[in-house]
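Just so you know, we're using my numbering here: the sequence shown kicks off at 1 and counts up by one. Glycine is no exception: its CB is placed at the ideal position from the N, C-alpha and C atoms. Encoded as structure tokens, the structure appears first; notes follow it.
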Amino acid sequence: MLSLFIWIAAHAAEALFCLWVLRWGGAERLEGTFASGFLISNFAPRWSAEGLKMAALILLVFCAVSFAAGLFVPGLRCWGSC
1 MLSLFIWIAA
11 HAAEALFCLW
21 VLRWGGAERL
31 EGTFASGFLI
41 SNFAPRWSAE
51 GLKMAALILL
61 VFCAVSFAAG
71 LFVPGLRCWG
81 SC
């Protein structure tokens with residue numbers, strides 16, 4: 001099982017990345033690059049800024065839900081094989 005500190009740090013990093021894409025110009029910077037497809041989906045390497053923002057919003061919601069669930073059920077804090 002992951003330590004609580006590492007688990008919180010990983011969720012904070014994911015949330016900051018999603019906020020960067022949503023609010024701080026990350027979508028415009030990644031738009032049309034290979035990195036946008038690599039970070040979001042391997043099947044569509046040229047995402048528009050709007051598509052990146054929608055994907056980041058969905059990831060942010062999932063991150064918040066999984067963070068809240070992991071706070072109350074420590075067994076859910078595991079990523080990959082534990």
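Quiz item: Does DSSP put S66 in a helix, a strand or coil?
Solution: Position 66 of the sequence shown, counted from the start, is the residue given in the question as residue 66. S66: helix per DSSP, three-state reduction.
Quiz prompt | S3 in three-state terms, based on DSSP | solution = Counting from one through the sequence shown, the residue named residue 3 turns up at place 3. DSSP places S3 in coil when its eight states are reduced to three.
Practice problem: Pick helix, strand or coil for W20, following the three-state DSSP scheme. | Solution: Counting from one through the sequence shown, the residue named residue 20 turns up at place 20. DSSP, read as helix, strand or coil, puts W20 in helix.
Quiz prompt | A12, buried or exposed, once every other Cβ within 10 Å from all chains shown has been counted against 16 | solution = Along the sequence shown, read from residue 1 onward, the residue named residue 12 stands at position 12. In summary, A12 is exposed, with fewer than 16 beta-carbon neighbours lying within 10 Å of its beta-carbon over all protein chains present.
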